[in-house]
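S.K.: The sequence shown begins at 1 in full-length UniProt numbering and counts up by one.
All C-beta atoms, glycine included, are put in the ideal place defined by N, C-alpha and C.
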Amino acid sequence: MRRTILGTLTVLSFVSLSLLSPSCTSEKKARVSISMKDGADSEIVVTRLDVNKNSVVDTLVCDESGHAGFKVKVPAADPDFFYIYSNGDRIASLVLKGGDKIRVEVADGGYSVSGSGDCDLLRLADERYAEVSEQFEVLSDRLIANYEDMQKADSFRKDMGSLFVSYYRECVAFVMEHPASMASVSVLFQRVGDNLQVFATDTDVAHFKRVRDSIAAYYPQSKYLDALDKEISSRENALAMRIGMENVEEVGFPDLVLPGVDGKDVQLSAVDAPVILVHFWTASDASQNIYNTQVLKPLYDKYKGKGLEIYAVSYDTDKALWAQVVSKQNAGWINVNDYDASSSTFYNITDLPTTVVIIGDTVIDSGEFDRVELERIIRSEL
């Protein structure tokens, strides 16, 4: 009978959590022994995942009995993912921390692991992921082969949708049962089919937060906390954008809720000014910095007391650079950051800089204006 994440992993939850405990940041060696059935003289490649970069850390050759082993230094407070390959195929996935002693047995197209509840959770998650990915690929191939037969194509689409929803529910159950397991980090970023993200909706941010907070409690030095933080920020922005779009009829323009330099969110619709310039730009471009100081700032200084406000949206991924430039400009208007440029969809931003003019609750114009054009628009409304 097929084992599922929802059923099998419950048994292992207490094992996993008992092995996860706050510890020091010093590096200790994790030791892994590998036993491969019929693996005499087989070459094994071990790689290490550094957030999004997979690099080779060791190459091994099994002895006549199919045994091999390796040691690797890993901070106890920053476990990492390791993958074992043979003949180009991944045969095992591990999550190791300093001091671990792991035994991996490979046989009959699968593997077992002992010595770490977290590794076993990752194994089960990986096995189920591989199974679903294969099923998804089969259905996709059948859909393509029967694309001209609408009835068959629709049937395969429904099957793919049902498979995806079922698997998504299993994954939700997994991360809720094991939020402090590094295996949950892996599950959160899974993709199936044609690069379809399993946790794809903005409301899934709650699952990312739950795992992030749990991992931080056990592994405060984990490099994966930053990746989780970025994903959480992106999804919170997307959620705010969607809410803004749902309220567009009420306020007359897509609302934005973005963090300022101090990290606090600033909502566009809460800006109380008869004329608002929503200015999209990037601090990494010197010409756009000049535009800010030579075009926008003189106009802002001249009309801010008469009802003008500027809501400047930066698309900089380097937040430190952006904050530094904002501080240097000392313009006085509202500065927020949208590092993943999610607002570009709602305001149709294809070039930078672009300034959107909002009068009352209505967008009346947008583009890259020179000082004369922009002042003419402002003066006509104030």
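1. Roughly how many whole angstroms lie between the Cα atoms of GLY117 and SER184?
2. Going by DSSP in three states, GLU148 sits in which element: helix, strand or coil?
3. Hey, how far is the Cα of ILE290 from the Cα of SER284?
4. Exposed or buried, which one is LYS158 when buried takes at least 16 other CB atoms within 10 Å?
5. Taking only runs that begin and end inside the region 159-212, name each unbroken alpha helix (DSSP H) of 4 or more residues, in chain order.
6. Near PHE253, which residues of its chain fall below 6 Å by C-beta distance, leaving aside the five closest residues on each side in sequence?
7. Any contact of the region 36-45 with the region 58-69, i.e. 3+ C-beta pairs under 8 Å?
8. Taking the C-alpha atoms as reference points, what is the distance between HIS279 and VAL175?
9. Could you tell me whether the Cβ atoms of TRP281 and ILE310 are closer together than 8 Å?
10. By DSSP, does LEU256 sit in helix, in strand, or in coil?
11. May I ask you to report which of helix, strand or coil DSSP gives ASP80?
12. Taking DSSP as the reference, what is the three-state secondary structure of LYS319?
13. Which of helix, strand or coil does DSSP assign to ASN292?
14. When we look at the beta-carbon of ASN87 and count the other beta-carbons within 10 Å, is it buried (16 or more) or exposed?
15. In the DSSP assignment, what residue or residues form a beta bridge with ILE359?
16. Measure the alpha-carbon distance for VAL165 versus GLU27 and round it to whole angstroms.
17. Short check: CB of GLU375 to CB of LEU277, under 8 Å?
18. Given TYR224, which residues of its chain have a CB within under 8 Å of its CB, disregarding the five upstream and five downstream residues?
19. In the region 108-157, which residue ranges form an unbroken beta strand (DSSP E) of at least 3 residues, counting only runs that do not cross its ends?
20. In angstroms, rounded to a whole number, what distance separates the CA positions of ALA30 and MET160?
21. Across which residues does DSSP place THR47 in a beta bridge pair?
22. Check whether the Cβ atoms of LEU256 and SER344 sit closer than 8 Å, and answer yes or no.
23. Please classify LYS97: is it buried, with 16 or more other beta-carbons within 10 angstroms of its beta-carbon, or exposed?
24. Rounding to the nearest angstrom, what Cα-Cα distance links PHE369 and GLN267 in this structure?
25. Quick check on this structure: which residue in VAL57, ASP126 and GLN329 has the alpha carbon closest to the alpha carbon of THR293?
26. Which two residues bound the contiguous alpha helix (DSSP H) that contains TYR300?
27. Give me the residue from GLU170, ILE377 and ASP338 with the minimum Cα distance to VAL356.
28. Under the three-state reduction of DSSP, which class applies to ASN237: helix, strand or coil?
M.R.: With the structure as the only source:
1. By one-based count along the sequence shown, residue 117 stands at place 117. By one-based count along the sequence shown, residue 184 stands at place 184. So the two alpha carbons sit approximately 13 Å from each other.
2. Here residue 148 corresponds to residue number 148 of the sequence shown, with the count starting at 1. In the structure shown, GLU148 sits in coil (DSSP, three-state: anything other than H, G, I, E or B).
3. Stepping through the sequence shown from its first residue, residue 290 is reached at position 290. Stepping through the sequence shown from its first residue, residue 284 is reached at position 284. Their Cα atoms are separated by approximately 11 Å.
4. By 1-based counting over the sequence shown, the position of residue 158 is 158. Flag for LYS158 reads exposed.
5. 182-188
6. The residue labelled residue 253 in the question sits at position 253 within the sequence shown. Cβ neighbours of PHE253 beyond the five flanking positions: ILE358 and VAL363.
7. yes
8. In the sequence shown, residue 279 corresponds to position 279, counting from 1. In the sequence shown, residue 175 corresponds to position 175, counting from 1. So the two alpha carbons sit approximately 40 Å from each other.
9. If you number the sequence shown from 1, residue 281 lands on position 281. If you number the sequence shown from 1, residue 310 lands on position 310. Contact flag unset, no.
10. Sequence index remark: in the sequence shown, residue 256 carries index 256 (1-based). Residue state, collapsed to three classes: coil.
11. Numbered from 1 along the sequence shown, position 80 holds the residue referred to as residue 80. Strand, per DSSP.
12. In the sequence shown, counting from the first residue as 1, residue 319 sits at position 319. Here LYS319 sits in helix by DSSP.
13. For the purposes of this step, residue 292 is taken as the residue at position 292 of the sequence shown. Helix, per DSSP.
14. Residue mapping note: residue 87 aligns to position 87 of the sequence shown, counting from 1. So ASN87 ends up on the exposed side.
15. The residue labelled residue 359 in the question sits at position 359 within the sequence shown. BP columns for ILE359 point to VAL275 and THR362.
16. In the sequence shown, counting from the first residue as 1, residue 165 sits at position 165. In the sequence shown, counting from the first residue as 1, residue 27 sits at position 27. So the two alpha carbons sit approximately 41 Å from each other.
17. Working through the sequence shown from its first residue, we reach residue 375 at position 375. Working through the sequence shown from its first residue, we reach residue 277 at position 277. Not closer than 8 Å, so no.
18. Position 224 of the sequence shown holds residue 224. Taken in chain order, the residues that qualify are VAL51, MET182, VAL185 and ILE215.
19. 110-114
20. One-based indexing of the sequence shown puts residue 30 at position 30. One-based indexing of the sequence shown puts residue 160 at position 160. Looking at the two C-alpha atoms, the distance is approximately 40 Å.
21. Here residue 47 corresponds to residue number 47 of the sequence shown, with the count starting at 1. Looking at the DSSP output, THR47 sits in a beta bridge with VAL56 and TYR83.
22. Reading the sequence shown from its first residue, position 256 is the one you call residue 256. Reading the sequence shown from its first residue, position 344 is the one you call residue 344. Result no, Cβ atoms of LEU256 and SER344 do not sit closer than 8 Å.
23. Residue mapping note: residue 97 aligns to position 97 of the sequence shown, counting from 1. Buried, because 16 or more other Cβ atoms sit within 10 Å of the Cβ of LYS97.
24. Here residue 369 refers to the residue found at position 369 of the sequence shown. Here residue 267 refers to the residue found at position 267 of the sequence shown. Cα-Cα distance, rounded: 24 Å.
25. What you label residue 293 is simply residue 293 of the sequence shown in a count that begins at 1. Of VAL57, ASP126 and GLN329, the residue nearest in Cα terms is GLN329.
26. The residue given as residue 300 occupies position 300 in the sequence shown. Start and end: 297-303.
27. By 1-based counting over the sequence shown, the position of residue 356 is 356. For the residues GLU170, ILE377 and ASP338, the minimum Cα distance to VAL356 belongs to ILE377.
28. Walking along the sequence shown from the start, residue 237 turns up at place 237. In this structure, ASN237 counts as helix in the three-state DSSP scheme.
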